[in-house]
Amino acid sequence: MIYTNNGLRPFAIASLASRREHMQAIQRPTLDRAVVLTKATLSAAEQLGLSNADLAAVIGVSEPTISRIKNSNRTIAPDSKEGELALLLIRVFRSLDPLIGGDEGKRKIWMNSYNKALVGQPNQLICKADGLVRTLSYLDGMRAAS
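Quick note: the sequence shown uses full-length UniProt numbering, first residue 1, plus one each step.
This is how it looks when you write it as structure tokens:
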């Protein structure tokens with residue numbers, strides 16, 4: 001028998017059905033991973049100053065596909081090739097942002113300027129998978145050094 005705080009009266013146990021209802025009410029809503037990845041990718045691309053053509057090249061899809069993604073007619077699957085590249089693009093943004101103090105102007109200048117260490121312009125390099133990985137590695141190294 002289960003007792004209340006004072007130990008005198010029995011404590012009623014809620015039925016299994018009402019327990020389930022209670023748990024459903026307090027559970028946080030689940031977010032679709034593909035929707036979250038899609039929104040984060042579009043946001044990172046916009047903040048990095050990438051055009052639709054640039055974003056298409058980065059994640060390896062066509063420009064019309066980028067238009068469908070922007071119009072919410074398509075999402076980026078996290079476990080797909082484009083999803084993996086999209087995650088790398090988001091990481092590039094997240095690594096660059098603290099280095100430039102969140103300044104939009106500096107971010108766009110950095111993306112469009114020749115970088116001696118990378119031997120190219122980041123906005124052009126990230127359009128290929130190896131350039132995307134090199135740019136991310138460079139930024140991660142810069143963050144570690146600071």
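We put the beta carbon where it would ideally sit given N, CA and C, even for glycine. Quick caveat, the model's predicted, so the values are computed rather than measured.
Cα-Cα separation, residue i to residue j
i, j, result
"L89", "N71", "20 Å"
"V58", "R94", "16 Å"
"A144", "D130", "21 Å"
"M142", "K116", "14 Å"
"I126", "L85", "10 Å"
"F11", "A45", "At F11 the pLDDT is 49, less than 50, meaning the model places this residue with poor confidence; the figure from the coordinates comes in the next sentence. About 57 Å."
"R68", "A34", "14 Å"
"D32", "K128", "28 Å"
"L42", "G102", "17 Å"
Per DSSP, cross-strand counterpart(s) of residue i
i, result
"N115", "G120"
Cβ-based neighbour list, residue i, same chain, cut-off 7 Å, excluding 5 preceding and 5 following
i, result
"residue 189", "Shown here, the chain extends from 1 to 146; a query on residue 189 therefore has no answer."
"G83", "L37, I76 and A77"
"K106", "I100"
"D140", "S95"
Contacts around residue i, its chain only, beta-carbon distance under 8 Å, and the 5 residues preceding and following it disregarded
i, result
"E104", "Q47"
"L136", "L88, R91, V92 and S95"
"Y114", "G120 and Q121"
"Y138", "N115, A117 and L118"
Exposed unless 16 or more other CB atoms sit within 10 angstroms - verdict on residue i
i, result
"N73", "exposed"
Whole-Å CB distance - residue i paired with residue j, under 8 Å assumed
i, j, result
"P98", "M111", "No, P98 and M111 are not in contact; Cβ-Cβ is about 15 Å, not under 8 Å."
"L37", "P78", "5 Å"
"V92", "L132", "7 Å"
"G49", "K108", "5 Å"
Residues near residue i in its chain [Cβ-Cβ closer than 6 Å; skip 5 each side]
i, result
"A40", "I90"
C-beta neighbour in chain B for residue i, strict 8 Å
i, result
"L50", "Note that chain B does not occur in the displayed structure, where there is just one protein chain."
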